[in-house]
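Colleague: Got a structure for you, written out below as structure tokens; questions coming shortly.
Residue numbers (my numbering): 203 to 537.
As structure tokens, then:
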């Protein structure tokens with residue numbers, strides 16, 4: 203896909219992912235226009251002040267809960283990257299209807315607006331917490347995934363296609379545990395919920411580049427899952443503060459010991475490529491079996507989980523990855 207003649211809109215465009223995505227898109231892919239769609243005027247102002255003042259940028263204030271505003275913003279748009287969501291697990295648990303309104307109903311509004319205005323491609327960001335969810339955030343993202351995948355059947359003869367990208371914790375994103383550990387280090391005590399806990403990890407830039415690749419390759423109906431390493435949360439604590447005391451405080455409500463990116467049931471319709479997995483839709487009214495020609499099926503009983511992953515980050519590698527975040531924290535430039 204040639205991005206040079208494309209108008210791209212990013213919902214949640216002022217977030218950590220949105221800003222990184224827009225910077226790489228502008229610098230390397232040179233699209234015709236990029237629309238930053240978000241609800242916070244202050245963050246849009248701060249984004250401009252931080253150097254996002256390119257003449258190809260347009261700033262739209264709006265909320266994905268507002269279908270009329272989405273219709274207006276989507277006019278003339280070719281590609282939509284849907285990154286807007288309520289993401290904090292405790293906040294979603296305490297404010298369940300707000301999470302449903304943004305993550306589920308907001309996704310439905312994005313789909314309707316894309317279909318009505320003729321957007322060609324829509325790719326939505328999901329999370330490992332959507333697989334066998336135990337918290338409301340994961341449940342809302344699972345519902346959003348189902349909406350996006352099934353909406354391909356509503357497109358009929360239109361060119362609009364929908365797909366999802368699903369990955370794990372993002373290093374250095376807003377709300378990441380790394381800044382929390384850096385602050386706790388000052389007091390000499392790092393708190394973790396359970397020493398057995400493992401997580402998938404991906405950098406912000408890796409996530410952005412993966413979304414760009416998937417947007418180019420999507421046929422409609424896929425859930426793209428990158429092959430990424432796991433890490434032990436206790437190793438992260440040791441990497442951030444090797445001389446600090448580690449205190450175990452117990453698992454919080456809605457938290458898992460280990461995360462899963464592909465369940466055993468999904469594995470039956472998933473193909474493996476060199477650096478990613480593609481979960482194909484169960485229904486194929488709009489979808490051929492092109493991915494089966496490119497990849498190979500997974501073995502019976504396959505499950506892609508953070509504790510059984512074959513790729514692990516060592517403490518030394520974690521230190522290397524978090525070094526830029528640590529420098530930004532020291533300089534006071536970390537978001």
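C-beta atoms are modelled at their ideal positions from N, C-alpha and C, and glycine is treated no differently.
1. Does the beta-carbon of residue 437 have 16 or more other beta-carbons within 10 angstroms, so that it is buried, or is it exposed?
2. So what does DSSP say about residue 310, is it helix, strand or coil?
3. Give me whichever residues DSSP pairs with residue 223 in a beta bridge.
4. The alpha helix (DSSP H) that contains residue 346, what's its start and end?
5. Under the assumption that residue 406 contacts residue 222 (Cβ atoms under 8 angstroms), give the Cβ distance between them as a whole number of angstroms.
6. Restricting to Cα atoms, I'd like to know which of 418, 424, 210 is closest to residue 283.
7. Could you work out which residue in 400, 321, 427, 333 is closest to residue 364 when comparing CA atoms only?
8. Can you check DSSP and say which residues form a bridge with residue 499?
9. Please identify the residue among 231, 527, 218 whose C-alpha is closest to the C-alpha of residue 206.
10. In this structure, how does DSSP classify residue 461 when only helix, strand and coil are distinguished?
11. Which of the three DSSP states is assigned to residue 235 in this structure?
12. Go ahead and label residue 382 buried or exposed: buried means 16 or more other beta carbons lie within 10 angstroms of its beta carbon, across all protein chains shown.
13. Taking 8 angstroms as the cut-off, decide whether the C-beta atoms of residue 481 and residue 427 are in contact.
14. To the nearest angstrom, how far is it from the Cα of residue 387 to the Cα of residue 442?
15. Nearest by alpha-carbon distance to residue 342: which of 361, 310, 356 is it?
16. Just confirm the distance between the C-beta atoms of residue 316 and residue 213, as a whole number of angstroms; I'd bet it's less than 8 angstroms.
17. Based on Cα-Cα distance, which residue from 375, 355, 533, 454 lies nearest to residue 393?
18. For residue 422, does the count of other Cβ atoms within 10 angstroms reach 16, so buried, or fall short, so exposed?
19. Among 531, 253, 204, which has the Cα closest to the Cα of residue 378?
20. CB residue 236 to CB residue 226, shorter than 8 angstroms?
21. Over what stretch of residues does the beta strand (DSSP E) that includes residue 201 continue unbroken?
22. Distance, Cα to Cα, residue 374 vs residue 417?
23. Hey, would you say residue 483 sits closer than 8 angstroms to residue 351, going by beta carbons?
24. Taking the alpha carbon of residue 355 as the reference point, which residue from 396, 385, 333, 313 has its own alpha carbon closest?
25. Hey, quick one: how far does the alpha helix (DSSP H) through residue 526 stretch, first residue to last?
26. Using 8 angstroms for Cβ pairs, my map puts residue 338 next to residue 298. What's the rounded Cβ distance?
27. Only counting the same chain, and skipping five residues up and downstream in sequence, which positions put a Cβ closer than 7 angstroms to that of residue 242?
28. Can you name the residues that DSSP bridges to residue 433?
29. Measure the CB-CB distance between residue 369 and residue 430 and report whether it falls below 8 angstroms.
30. Using CA atoms only, rank isn't needed, just tell me which of 366, 509, 267, 395 is closest to residue 403.
31. Which stretch, first to last residue, makes up the alpha helix (DSSP H) that contains residue 356?
32. Going by other Cβ atoms of all chains shown within 10 Å of its Cβ, with 16 needed for buried, is residue 166 buried or exposed?
33. Who are the Cβ neighbours of residue 301 in its own chain at under 6 angstroms, not counting the five residues just before and after it?
34. Using a Cβ-Cβ cut-off of 6 angstroms (strictly less than) and excluding sequence neighbours within five positions of residue 371, which residues of its own chain qualify?
35. Indicate the three-state DSSP secondary structure (helix, strand or coil) for residue 244 in the structure shown.
36. Taking the Cβ atom as the reference point for each residue, do residue 536 and residue 527 lie within a distance shorter than 8 angstroms?
Modeller: According to the structure shown:
1. Buried is the call here.
2. Helix.
3. The bridge partners DSSP lists for residue 223 come to none.
4. Taken as a continuous stretch (DSSP letters only), the alpha helix (DSSP H) holding residue 346 covers 338 to 352.
5. Contact holds; Cβ gap of about 5 angstroms.
6. For the set 418, 424, 210, the Cα lying nearest the Cα of residue 283 is the one of 210.
7. Out of 400, 321, 427, 333, 321 has the C-alpha closest to the C-alpha of residue 364.
8. DSSP output for residue 499 lists 473 as bridge partner(s).
9. Residue 231 is the option with its Cα nearest to residue 206.
10. In the structure shown, residue 461 sits in coil (DSSP, three-state: anything other than H, G, I, E or B).
11. Residue 235 falls in the strand class under three-state DSSP.
12. Exposed, by the Cβ-count rule.
13. Cβ atoms of residue 481 and residue 427: closer than 8 angstroms.
14. As the crow flies, the alpha-carbon of residue 387 is around 8 angstroms from that of residue 442.
15. Answer by Cα proximity: 310.
16. No, residue 316 and residue 213 are not in contact; Cβ-Cβ is about 11 angstroms, not under 8 angstroms.
17. Residue 393 has its Cα closest to that of 454, out of 375, 355, 533, 454.
18. It counts as buried.
19. Nearest of 531, 253, 204 to residue 378, Cα basis: 531.
20. No, they are not a contact pair.
21. Here the chain comprises residues numbered 203 to 537, so residue 201 is not present and cannot be evaluated.
22. Cα to Cα, the separation comes out at about 23 angstroms.
23. Yes; because the gap between Cβ atoms is below 8 angstroms, this pair is in contact.
24. Nearest of 396, 385, 333, 313 to residue 355, Cα basis: 313.
25. Run containing residue 526: 517 to 533, per the alpha helix (DSSP H) assignment.
26. Contact check for residue 338 and residue 298: beta-carbon distance about 5 angstroms, within the 8 angstroms limit, so the pair qualifies.
27. The beta carbon of residue 242 sits closer than 7 angstroms to the beta carbons of 216 from its chain, once the five residues preceding and following it are set aside; these are given in chain order.
28. Its beta-bridge partners are 401.
29. Yes, these two residues count as a Cβ contact at 8 angstroms.
30. Closest by alpha carbon: 509.
31. It is not in any alpha helix (DSSP H) - residue 356 carries neither H nor E in the DSSP assignment.
32. Since the first residue of the chain shown is 203 and the last is 537, residue 166 is not available in this structure.
33. Result list for residue 301: 288, 294, 338, 342, in chain order.
34. Same-chain partners within the cutoff: 401, 403.
35. Here residue 244 carries a helix assignment [DSSP, helix/strand/coil].
36. Yes; because the gap between Cβ atoms is below 8 angstroms, this pair is in contact.
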